[in-house]
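Quick note on the numbering used here: the sequence shown kicks off at 75 and runs consecutively.
Ideal placement from N, C-alpha and C gives every residue a C-beta, glycine not left out.
Below: the structure, in structure tokens.
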Amino acid sequence: MSASASGERVAVHRARLRVAVLTGVIITLLVTVVGGIADTVMTRAQSDQVWRELRYGAARGDLSSPPVCTWLFARGATPLANAPAGFPVESDMRRVGRTHEAVERTVRRDDTRYLVRTQVRPDGKVVQAVFDLRFQLADRRHLWFALGVAEVVGLLAAAVTGVVLGRLAVSPLAEALTRQRRFVTDASHELRTPVTQVYTRAQLLARQAAAQDLPARHREGLTRLVGSAGRLGEVLDDLLLSASLAAGPARPSEHRPVDLAALARAAVAEEADRVREGGLTVVVDGPPRPLFVDGVESALRRAVGELLSNAVGHTPPGGRIEVALARVRGTVTLTVANTGKGFEPAEAERLFERFHRGGSTGRYGLGLALLREVVTHHGGTVAATGRPGHGARFVIRLPLGGPPAVSVPPPRGRAPRLVPRRVRAGRT
């Protein structure tokens, strides 16, 4: 299976999972809200009804035949045989007898709750009414059990919904993105050869024009044609690399130890002509030993080259560019600072957006965006800082890697041991 297909399957699976999770969260919230409202309404309705009955029984109920789940206590009256233990509450009886003010409370006892009201009747008798909430509490537990079952069913429905929605909505989107990415890759690849031929032919014509001393306007036109063809080739390279990165992470076999210090020095050497033409000063500061990172060499070379090219393009004649490499806490840092015009601090993040132009960059908006894609796919970060009139500073941080494996030759004087291997015959 290709990296592109694998990446698409992972993306579709994640999208389906997100849909299922979001649907489950929504259903959970709905069930919880509905359950909370139902419990509040039921609790309030039951409480109002029970207190009404309790107050009526305390004021007018027959002591010998109280309503269901209710017991009435009074001085000199014999309580019913099934009356709960611990009643009446003597402290409330004495208090009401002394103050003649009704007292209401809730008592927890015997794994249930009792509502208790004590008051003085018009005939001067102190009566205490007790109501057992056992059945009301059972109704509430049944309600929450039903809501729990509904929650489980809702989560199962959310999972099924996530799969169905993923197939109906996410898969066509992933297929459209795949076709778009394939189109960009194919178009860039097919255009690469003719653009390279145009660029080579334009260079040859420019040299011939200079050798034959053609008019200046012809030579200038050919020079501009060479520059435009070169920039078009760079855009195609950016599109190809961006499409390969978007298709999925590079296979482990494509990763190898890459000396970032050597890449930086090579990039500086490649920009020697532009540096000389602009009268710039480029200083490279780094340790003499290699600084290895684990990655794809071609992609990292493109990223480092873009960073230096960006600095050269934004530094005015006579300016200075400093390239610094260091090993810091398990990472390799590459810093490129220039004395150019700089940029507003608020523009720092927008510089890495596709097709963003913060000035006359001579690029088409893919360079720095592609730089961030490459660094991010290698587990690193890139940041930009600057101020107008004080230049800019770009810092790349990549995880430190190990040196390449070195094959040890066999000792002299001893032939390497050959292990016989059985070869299976077959068709060729």
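Checklist entry - Per DSSP, what kind of secondary structure is arginine 521 in: helix, strand or coil? => result Only positions 75 to 502 of the chain appear in this structure, which leaves residue 521 out of reach.
Checklist entry - Grouping DSSP H, G and I as helix and E and B as strand, with all else coil, what is glycine 198? => result Counting from 1 along the sequence shown, the entry for residue 198 is found at position 124. In the three-state scheme derived from DSSP, where H, G and I count as helix and E and B as strand, glycine 198 is classed as coil.
Item to check | Option in Ala420, Leu472 and Glu447 with minimal Cα separation from threonine 459 | outcome: By 1-based counting over the sequence shown, the position of residue 459 is 385. Measuring from the Cα of threonine 459, the nearest candidate turns out to be Ala420.
Checklist entry - Per DSSP, what kind of secondary structure is valine 163 in: helix, strand or coil? => result Working through the sequence shown from its first residue, we reach residue 163 at position 89. If DSSP states are grouped into helix, strand and coil, valine 163 belongs with coil.
Next on the checklist: Quick check: the segment 196-203 against the segment 139-148, are at least 3 beta-carbon pairs closer than 8 Å?
Outcome noted: Contact holds: three or more Cβ-Cβ distances are below 8 Å.
Next on the checklist: For a cutoff of 9 Å on Cβ pairs, would you count alanine 151 as touching chain B?
Outcome noted: Reference to chain B is not applicable here, since this structure consists of a single protein chain.
Checklist entry - What are the boundary residues of the alpha helix (DSSP H) that includes glycine 379? => result On the sequence shown, position 305 is the one that residue 379 refers to. Counting along the chain, the alpha helix (DSSP H) containing glycine 379 begins and ends at 371-388.
Checklist entry - Exposed or buried, which one is histidine 87 when buried takes at least 16 other CB atoms within 10 Å? => result For the purposes of this step, residue 87 is taken as the residue at position 13 of the sequence shown. Histidine 87 counts as exposed, since fewer than 16 other C-beta atoms from the protein chains shown sit within 10 angstroms of its C-beta.
Checklist entry - Does the distance from the CB of alanine 94 to the CB of threonine 235 come in under 9 Å? => result Here residue 94 refers to the residue found at position 20 of the sequence shown. Here residue 235 refers to the residue found at position 161 of the sequence shown. The answer is yes: Cβ separation under 9 Å.
Item to check | Nearest candidate by alpha-carbon position, reference alanine 159, set Ser139, Val142, Val177 and Arg187 | outcome: Along the sequence shown, one-based indexing puts residue 159 at 85. Here the closest residue by C-alpha is Arg187.
Item to check | For glycine 369 and arginine 325, the rounded distance between their alpha carbons | outcome: Taking the first residue of the sequence shown as position 1, residue 325 is located at position 251. Taking the first residue of the sequence shown as position 1, residue 369 is located at position 295. Unreliable placement is indicated for arginine 325, whose pLDDT of 47 sits below 50; the coordinate value is still reported in the next sentence. When rounded, the distance between both Cα atoms is 10 Å.
Next on the checklist: Strictly by DSSP, which residues pair up with glycine 460?
Outcome noted: Looking up residue 460 in the sequence shown gives position 386. DSSP lists Ala466 as partners of glycine 460.
Item to check | Three or more C-beta pairs below 8 Å linking the segment 106-115 and the segment 173-190 | outcome: They do not touch, by the three-pair rule.
Checklist entry - How many whole angstroms separate the CB atoms of valine 357 and glutamate 396, which I take to be in contact at a CB cut-off of 8 Å? => result Walking along the sequence shown from the start, residue 357 turns up at place 283. Walking along the sequence shown from the start, residue 396 turns up at place 322. Beta-carbon to beta-carbon, valine 357 and glutamate 396 are separated by about 5 Å, close enough to satisfy the 8 Å threshold.
Checklist entry - Whose C-beta lies closer than 8 Å to the C-beta of leucine 474 among residues of the same chain, with five residues either side of it excluded? => result As a position in the sequence shown, residue 474 is number 400, starting the count at 1. So the qualifying residues of the chain are Leu365, Phe366, Val367, Arg401, Gly404, Thr405 and Val406.
Item to check | Test item: CB-CB of leucine 425 and valine 449 under 9 Å | outcome: What you label residue 425 is simply residue 351 of the sequence shown in a count that begins at 1. What you label residue 449 is simply residue 375 of the sequence shown in a count that begins at 1. Against a cut-off of 9 Å, the Cβ pair of valine 449 and leucine 425 comes out as no contact.
Item to check | Of the residues Leu442, Gly414, Thr355 and Pro362, the one placed nearest glycine 379, counting alpha carbons only | outcome: Position 305 of the sequence shown holds residue 379. Nearest option by C-alpha distance: Leu442.
Checklist entry - When the Cα of leucine 382 is compared with those of Gln120, Asp359, Ala411 and Pro390, which residue comes out closest? => result Locating residue 382 in the sequence shown gives position 308, where the first residue counts as 1. Per the Cα distances, Ala411.
Item to check | valine 170 versus serine 138: straight-line alpha-carbon distance, rounded | outcome: On the sequence shown, position 96 is the one that residue 170 refers to. On the sequence shown, position 64 is the one that residue 138 refers to. Roughly 22 Å separates the two Cα atoms.
Checklist entry - Does DSSP put histidine 87 in a helix, in a strand, or in coil? => result Locating residue 87 in the sequence shown gives position 13, counting from the first residue. In the three-state reduction of the DSSP assignment, histidine 87 falls in the helix class.
Next on the checklist: I need the straight-line Cα distance from glycine 453 to glutamate 371, nearest angstrom please.
Outcome noted: Working through the sequence shown from its first residue, we reach residue 453 at position 379. Working through the sequence shown from its first residue, we reach residue 371 at position 297. Cα to Cα, glycine 453 sits roughly 14 Å from glutamate 371.
Item to check | Exposure label - valine 493; buried when at least 16 CB within 10 Å | outcome: Within the sequence shown, numbered from 1, the residue matching residue 493 stands at position 419. Annotation note: pLDDT 38 at valine 493 (below 50); position unreliable, no value reported.
Item to check | Residue environment, glycine 228, which counts as buried when at least 16 other CB atoms sit within 10 Å | outcome: Indexing the sequence shown from 1 puts residue 228 at position 154. With a threshold of 16 other beta carbon atoms within 10 Å, glycine 228 meets it and is buried.
Checklist entry - Does the beta-carbon distance from leucine 189 to phenylalanine 209 come in below 9 Å? => result Indexing the sequence shown from 1 puts residue 189 at position 115. Indexing the sequence shown from 1 puts residue 209 at position 135. No, they are not a contact pair.
Next on the checklist: Looking only at its chain, what residues have a beta carbon closer than 8 Å to the beta carbon of valine 163, apart from the 5 residues adjacent to it on each side?
Outcome noted: Translated into the one-based positions of the sequence shown, residue 163 becomes position 89. Only Arg179, Val181, Val190, Thr192 and Gln202 meet the Cβ criterion.
Item to check | Nearest to leucine 296 (by Cα), restricted to the options Arg281, Ala212, Arg195 and Ala119 | outcome: Taking the sequence shown and counting its residues from 1, the one referred to as residue 296 is at position 222. For the options Arg281, Ala212, Arg195 and Ala119, the alpha carbon positioned closest to that of leucine 296 is the one of Arg281.
Checklist entry - Looking only at C-alpha atoms, which of Leu399, Ala276 and Gln286 sits nearest to glycine 301? => result Mapped onto the sequence shown, residue 301 falls at position 227. Closest option to glycine 301, judged by alpha-carbon separation, among Leu399, Ala276 and Gln286: Ala276.
Next on the checklist: By the DSSP assignment, the beta strand (DSSP E) with arginine 512 in it spans what residues?
Outcome noted: No information on residue 512 is available, as it lies outside the stretch 75 to 502 that the chain covers here.
Item to check | Endpoints, the beta strand (DSSP E) within which alanine 288 is located | outcome: Here residue 288 refers to the residue found at position 214 when the sequence shown is read from its first residue. Per the sequence presented here, residue 288 reads as leucine, with alanine not at that position. Note, leucine 288: premise wrong, no beta strand (DSSP E); not H, not E.
Next on the checklist: Between Asp136, Pro477, Arg215 and Val342, which has its C-alpha nearest valine 386's C-alpha?
Outcome noted: Walking along the sequence shown from the start, residue 386 turns up at place 312. Checked all of Asp136, Pro477, Arg215 and Val342; the closest Cα to valine 386 is Val342.
Checklist entry - Shortest alpha-carbon distance to arginine 330 belongs to which of Ala157, Leu374, Ala151 and Gly222? => result Here residue 330 is taken as the residue at index 256 of the sequence shown, counted from 1. If we check each option's Cα against that of arginine 330, Leu374 comes out closest.
Item to check | Backbone secondary structure at leucine 189 - three-state DSSP | outcome: In the sequence shown, counting from the first residue as 1, residue 189 sits at position 115. DSSP places leucine 189 within a strand segment (E or B) once states are collapsed to three.
Checklist entry - Alpha carbon to alpha carbon, how far is valine 124 from alanine 231? => result In the sequence shown, the residue the question calls residue 124 occupies position 50. In the sequence shown, the residue the question calls residue 231 occupies position 157. Valine 124 and alanine 231: Cα-Cα distance of roughly 39 Å.
Checklist entry - Can you tell me whether arginine 376 is buried or exposed, with buried defined as 16 or more other CB within 10 angstroms of its CB? => result The residue labelled residue 376 in the question sits at position 302 within the sequence shown. A residue is called buried once 16 or more other Cβ atoms fall within 10 Å of its Cβ, and arginine 376 is buried on that count.
Next on the checklist: If you measure between the beta carbons of glycine 416 and glycine 352, is that distance less than 9 Å?
Outcome noted: Translated into positions along the sequence shown, residue 416 becomes position 342. Translated into positions along the sequence shown, residue 352 becomes position 278. The Cβ atoms of glycine 416 and glycine 352 do not sit closer than 9 Å to each other.
Next on the checklist: Measuring only the C-alpha atoms, how far is arginine 129 from leucine 103?
Outcome noted: By 1-based counting over the sequence shown, the position of residue 129 is 55. By 1-based counting over the sequence shown, the position of residue 103 is 29. Between arginine 129 and leucine 103, the C-alpha separation is close to 38 Å.
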